[in-house]
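J.:
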Amino acid sequence: KFLVKHKGYPACFAYDVFESEKFYGCGAGFHFIFVDSAGNVCPCDFCSVTLGNMRERPIRDIWTEYSGIFRAPGCSCYANRISQPIADLHTAIRPLTVEQSKEIVRTCPSFTRGTVPKFYKKMGFKWGENPK
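Residue numbers for the sequence shown, in the numbering used here: 178 to 309.
#1: In its own chain, which residues sit with a C-beta less than 7 Å from the C-beta of I236, not counting the 5 before and 5 after it?
#2: Check the C-beta distance from G206 over to S287 and give it rounded, since I have them as a contact under 8 Å.
#3: Is the distance from the Cβ of P272 to the Cβ of S225 below 8 Å?
#4: Using a 10 Å radius around the Cβ and a threshold of 16 neighbouring Cβ atoms, would you call T241 buried or exposed?
#5: Please classify K309: is it buried, with 16 or more other beta-carbons within 10 angstroms of its beta-carbon, or exposed?
#6: In its own chain, which residues sit with a C-beta less than 7 Å from the C-beta of Y201, not counting the 5 before and 5 after it?
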């Protein structure tokens, strides 16, 4: 906030602020996905989990499988939400295996039911509707 209010300082962008409930939130796996150079499909480019590999399965099938898990926008950065469960695995391999990733996304959802970031509220997102 200091940098925004004072002239002469470099521009700064803080995902923790931008991806909060007060602003846009986090669309990882809901609004977008990331595919790395090896074909691994991830909820976002900051997440170390992989939902599958598009060289092994059609990306449409991977998206369909996980759309029920990532069915709403989050009110905080998903990479931050899953950082401790990933650290608890004590592995340096990134991205995690599909099996490890499935356990992470199953036990640590990307959203909090009933809570919607301000941006999505303005866009008309409502719980109970299937946005996909």
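A virtual CB, placed ideally from N, CA and C, is assigned to each residue, including glycine.
T.: In short:
#1: V218
#2: 6 Å
#3: yes
#4: exposed
#5: In this prediction, K309 has a pLDDT of 47, which is less than 50 and means its spatial position is unreliable; what the coordinates show is noted afterwards. The residue is exposed, with fewer than 16 neighbouring Cβ atoms inside 10 Å.
#6: F195, P294, F296
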